[in-house]
Amino acid sequence: MNLRPVAPLLALVAALLLTLLAPARREAPPVRSRVRVGLVFDVGGRGDKSFNDAAYAGLVEAARSEGIAFELAEPTGAEDREGAMRLFGSRGFDLILGIGYIFSRDIVEVARAFPRSRFACVDFAGDPATPPNLVGLRFREEEGAFLVGAAAASESRTRHVGFVGGMNIELIQRFEAGFRAGVREVCPTCTIHAAYAGTTPEAFRDPLRGKAIAASQIASGADVLFHASGLTGSGVFEAARATSTRAIGVDRDQFDEAPGVVLTSMVKRVDTVVREIIVETSKGQFRPGVRSFGVREGGVDWVHEGPHAAGLQPSTVAAVEVLRGRVASGELRVPSRP
Amino acid sequence: MSGRIETLLAEAIRMAVPYMACGLGAVLTERAGVVNIGLEGALGVSGLCAAVGAISTGSGVVGLGAGVLGGGAYCLLHGVLVVRARVDAMVSGIALTMAAYGGGRVALRLLYDSASNSPRVPGLEGLDSRSALLRVVSEPALLGFAAGAVVLVTVLLRTRLGLRLRACGDDEGAAAAAGVEVGRTRLWASALSGAACGLGGVHMVFDQHQFDAGMTGGRGFLALAAAILGRHRPGATLAACAGFAGLEAAQITFQDQLRLAPELIRVMPFVATLGLLAWAGRGMALARGRLWR
Chain A
1 MNLRPVAPLL
11 ALVAALLLTL
21 LAPARREAPP
31 VRSRVRVGLV
41 FDVGGRGDKS
51 FNDAAYAGLV
61 EAARSEGIAF
71 ELAEPTGAED
81 REGAMRLFGS
91 RGFDLILGIG
101 YIFSRDIVEV
111 ARAFPRSRFA
121 CVDFAGDPAT
131 PPNLVGLRFR
141 EEEGAFLVGA
151 AAASESRTRH
161 VGFVGGMNIE
171 LIQRFEAGFR
181 AGVREVCPTC
191 TIHAAYAGTT
201 PEAFRDPLRG
211 KAIAASQIAS
221 GADVLFHASG
231 LTGSGVFEAA
241 RATSTRAIGV
251 DRDQFDEAPG
261 VVLTSMVKRV
271 DTVVREIIVE
281 TSKGQFRPGV
291 RSFGVREGGV
301 DWVHEGPHAA
311 GLQPSTVAAV
321 EVLRGRVASG
331 ELRVPSRP
Chain B
1 MSGRIETLLA
11 EAIRMAVPYM
21 ACGLGAVLTE
31 RAGVVNIGLE
41 GALGVSGLCA
51 AVGAISTGSG
61 VVGLGAGVLG
71 GGAYCLLHGV
81 LVVRARVDAM
91 VSGIALTMAA
101 YGGGRVALRL
111 LYDSASNSPR
121 VPGLEGLDSR
131 SALLRVVSEP
141 ALLGFAAGAV
151 VLVTVLLRTR
161 LGLRLRACGD
171 DEGAAAAAGV
181 EVGRTRLWAS
191 ALSGAACGLG
201 GVHMVFDQHQ
211 FDAGMTGGRG
221 FLALAAAILG
231 RHRPGATLAA
241 CAGFAGLEAA
251 QITFQDQLRL
261 APELIRVMPF
271 VATLGLLAWA
281 GRGMALARGR
291 LWR
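Here the protein sequences come in this chain order: A and B. First residue of the first sequence? That's 1 in the numbering used here, and the numbers climb one at a time after it. First residue of the second sequence? That's 1 in the numbering used here, and the numbers climb one at a time after it.
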């Protein structure tokens with residue numbers, strides 16, 4: 001093969017790839033303090049209007065209150081994820097945050113390699129016996145899903161509700177388990193239609209499949225759908241909009257994605273938890289291990305106030321709030337397996 | 001239950017459009033003798049162009065035009081690189097796919113300050129019917145694709161232009177000797193192939209009312225498999241695409257009854273393609289001209 005004409009093309013590709021790598025950007029406030037925080041985003045990166053953005057919001061808030069310095073990295077693949085963490089580690093950052101379950105394995109190795117830095121992983125799915133400089137942050141998603149499950153059952157007129165999962169993994173099955181338990185709590189005879197978009201990470205960004213799954217559940221009679229499927233969920237909203245069905249958002253308040261369609265959302269307070277970890281670390285109170293945030297700790301919640309919850313009947317809000325109290329007090333245990 | 005069957009059919013048709021559009025694109029470019037494995041990128045680029053066009057003007061028609069032009073321009077670029085600059089078709093195809101994927105994310109960030117998706121796209125609405133099938137079938141983007149497909153297949157099989165196009169792929173030496181300008185023919189074949197993919201990208205975005213980075217989900221690659229399965233004949237390729245979409249829709253609809261691993265179903269198109277290649281591969285390589293009508 002004659003290489004000469006290929007060379008400029010390769011150079012172009014290389015240049016494009018380099019711009020995509022998005023080298024850790026400097027966004028440090030002018031005041032330089034001792035604590036430096038590095039944050040590595042999950043696939044999707046900033047602007048995903050989901051938990052990457054939530055983590056960023058928590059970071060900014062903590063930076064403002066604690067006067068810490070921070071840098072960001074937006075990796076595009078697995079190698080970059082680990083590379084970005086190692087980069088922060090080799091530069092002696094005090095706290096390095098990995099946003100997403102996908103960091104679970106790499107972050108343990110990187111934490112061992114850089115014992116002087118501290119690490120935190122959101123949605124940590126690894127071994128609970130973490131290295132002494134790593135804290136795994138878990139959410140009891142099933143508790144939040146339980147609340148919206150109860151809400152879905154109260155709002156359903158057909159007594160059929162649907163669950164659309166993204167990738168079929170333990171994390172998403174927890175949402176399903178909680179949702180099922182919530183529906184059963186309010187309406188033991190209701191029918192639950194549950195389906196997953198796939199078994200690879202692609203399943204979190206396939207709105208075409210999301211719409212198809214939602215359409216088939218709606219055809220089976222479901223009139224309230226809950227999704228835990230990332231971008232795939234926009235297809236669920238789209239199917240719901242076309243058929244005047246109602247849907248429940250996930251991770252954050254998704255009302256703006258489809259006003260009038262989104263009944264409520266199950267909210268994961270990644271911002272609160274990220275802020276808390278940074279504040280603790282900057283005060284020298286870092287605690288390793290795995291920590292779990294549920295309804296009681298304010299880690300998960302549901303949207304039930306203000307204009308974004310206007311579609312909910314007052315009786316639904318009252319009933320679910322009672323259940324929330326019982327979950328928070330520990331009187332009601334929500335199963336994490338379907 | 002009949003509602004469920006109707007929905008299954010409607011979803012199969014809806015999901016078939018991106019496959020069919022890219023399958024047709026693959027047929028057009030391959031039959032002219034330009035291998036293009038970057039059709040996945042064409043799907044994404046045209047989807048993005050359709051979204052940008054429709055959002056910035058508020059007009060679905062402009063979006064449709066922008067999507068078709070964007071897909072055409074993308075594949076024409078591939079054609080220029082391969083035909084004129086003599087870049088290896090595999091290298092160009094891979095490079096352009098990667099550039100399309102990365103470029104899509106960069107464009108989303110620059111235009112809409114988001115890493116993942118565009119704002120709501122004002123598409124072209126079909127009938128507001130209670131019937132799922134009628135809703136899907138009456139979508140202007142789907143009708144546009146159907147019309148485009150009929151035109152392109154007719155051009156390919158029934159016109160002098162199509163004959164020249166096929167001659168370039170079957171035997172470029174003979175075509176050149178007969179007075180066909182092989183290079184130029186291949187360029188417009190590439191552009192047409194991109195426009196075909198573009199109709200799929202437009203449908204995808206108008207159907208979702210949104211462009212998401214990565215929403216193509218490998219459908220352009222699967223369409224290449226369909227084109228091989230259909231031996232680059234338009235009818236058979238479109239049928240293979242419909243089969244893939246039907247399989248996908250069936251897996252989704254009967255997921256809770258069917259206790260079959262979803263991986264198994266997703267891998268079936270590839271197994272079928274590989275099986276066909278193993279069974280008939282040697283003959284296909286030797287007798288391209290004879291196998292293609």
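By construction, the Cβ of each residue, glycine as well, lies at the ideal position given by its N, Cα and C atoms.
Asked                                                                                                                                                                        : Found
Comparing the C-beta of Thr97 (chain B) with each C-beta of chain A, is any distance below 8 Å?                                                                              : no
How would you label Thr189 (chain A), buried or exposed, when you count the other beta carbons within 10 angstroms and need 16 or more for buried?                           : exposed
In or out: Gly67 (chain B) buried (at least 16 other Cβ within 10 Å) or exposed?                                                                                             : buried
Let me see if you follow: with CB-CB separation under 8 Å, is Gln257 (chain B) close to chain A or not?                                                                      : no
Please list the partners that His78 (chain B) has in chain A, where partner means a Cβ-to-Cβ separation under 7 Å.                                                           : Simply none; closest approach about 11 Å.
If distances are taken between C-alpha atoms only, which option among A:Val37, A:Val108, A:Ala151, A:Arg326 comes closest to Gly92 (chain A)?                                : A:Val37
Arg337 (chain A): beta carbon under 7 Å from a heavy atom of the ligand SAM?                                                                                                 : The ligand SAM is absent from the structure shown, which contains no ligands of any kind.
In the DSSP output, which residue or residues are listed as bridge partners for Arg118 (chain A)?                                                                            : A:Leu95
Assign Val73 (chain A) to one of three DSSP states: helix, strand, or coil.                                                                                                  : The identity of residue 73 (chain A) in the sequence shown is Ala, whereas the question assumes Val. Of the three classes helix, strand and coil, the one that applies to Ala73 (chain A) here is strand, per DSSP.
Give me the subset of the segment 249-272 of chain A whose CB atoms are less than 7 Å from a CB atom of chain B, sorted by chain position.                                   : none
In the structure shown, what three-state DSSP assignment does Ile68 (chain A) receive?                                                                                       : coil
Assign Ala212 (chain A) to buried or exposed, taking buried as 16 or more other Cβ atoms, counted over all protein chains shown, within 10 Å of its Cβ.                      : buried
Give me the Cα-Cα distance between Val61 (chain B) and Gly200 (chain B), rounded to the nearest whole angstrom.                                                              : 15 Å
Measuring only between beta-carbons, confirm whether Glu79 (chain A) sits less than 8 Å from chain B.                                                                        : no
Taking C-beta pairs closer than 8 Å, name the residues in chain B that Pro207 (chain A) reaches, listed in chain order.                                                      : Gln208, Gln210, Asp212, Met215
From which residue to which residue does the beta strand (DSSP E) around Tyr196 (chain A) run?                                                                               : 191-198
I'd like to check one pair, Val183 (chain A) with Ala219 (chain A): are the Cβ atoms closer than 8 Å?                                                                        : no
Would you say Asn36 (chain B) reaches chain A, if we count a Cβ-Cβ gap shorter than 8 Å as a contact?                                                                        : no
Based on the DSSP output, what are the partners of Ala181 (chain A) in its beta bridges?                                                                                     : Answer by DSSP bridge pairing: none, since Ala181 (chain A) is not bridged.
Candidates A:Glu170, A:Arg296, A:Gly144, A:Ser117: which alpha carbon is nearest Leu134 (chain A)'s?                                                                         : A:Ser117
Kindly list, in the order they appear in chain E, the residues whose Cβ is closer than 7 Å to that of Arg46 (chain A).                                                       : Absent from the structure is chain E; the protein chains it does hold are A and B.
What is the rounded straight-line gap between the Cα of Val17 (chain B) and the Cα of Gly284 (chain A)?                                                                      : 57 Å
Could you list the residues in the segment 178-203 of chain B with a C-beta less than 7 Å from some C-beta on chain A, going in chain order?                                 : none
Any beta carbon from chain B within less than 8 Å of Gly198 (chain A)'s own beta carbon?                                                                                     : yes
Any chance you could list the alpha helix (DSSP H) runs of at least 4 consecutive residues sitting entirely within the segment 95-170 of chain B, in chain order?            : 132-137, 140-158, 160-170
Which term fits Ser65 (chain A), buried or exposed, when burial requires 16 or more other beta carbons within 10 angstroms of its beta carbon?                               : exposed
Are Ala50 (chain B) and Gly41 (chain B) close, meaning C-beta to C-beta below 8 Å?                                                                                           : no
Counting only beta-carbon atoms, is Arg158 (chain B) nearer than 8 Å to chain A?                                                                                             : no
So, using beta-carbon positions, are Gly44 (chain B) and Ala100 (chain B) closer together than 8 Å?                                                                          : yes
So, at 7 Å on beta carbons, what are the nonlocal neighbours of Glu27 (chain A) in its own chain, with the 5 sequence-adjacent residues on each side left out?               : Confidence at Glu27 (chain A) is low in this model, with a pLDDT of 49, below 50, so its placement is unreliable and the value that follows should be read with caution. Hits under 7 Å: Phe70, Glu71, Leu72.
Among B:Ile252, B:Pro234, B:Gly230, which residue has its Cα nearest to the Cα of Gly275 (chain B)?                                                                          : B:Gly230
For Ala107 (chain B), which residues of its own chain have a beta-carbon under 8 Å away from its beta-carbon, when the five flanking residues on both sides are left out?    : Leu48, Val52
State the start and end residues of the unbroken beta strand (DSSP E) segment that holds Pro37 (chain A).                                                                    : Per the sequence presented here, residue 37 (chain A) reads as Val, with Pro not at that position. Unbroken beta strand (DSSP E) run through Val37 (chain A): 36-40.
Using beta carbons (cut-off 8 Å, strictly below), is Met268 (chain B) in contact with chain A?                                                                               : no
Could you say if the segment 186-202 of chain A and the segment 146-163 of chain A meet the contact criterion of at least three C-beta pairs nearer than 8 Å?                : yes
Output needed for Ala261 (chain B): all residues of its chain with C-beta closer than 8 Å, excluding positions within five of it in sequence on either side, in chain order. : none
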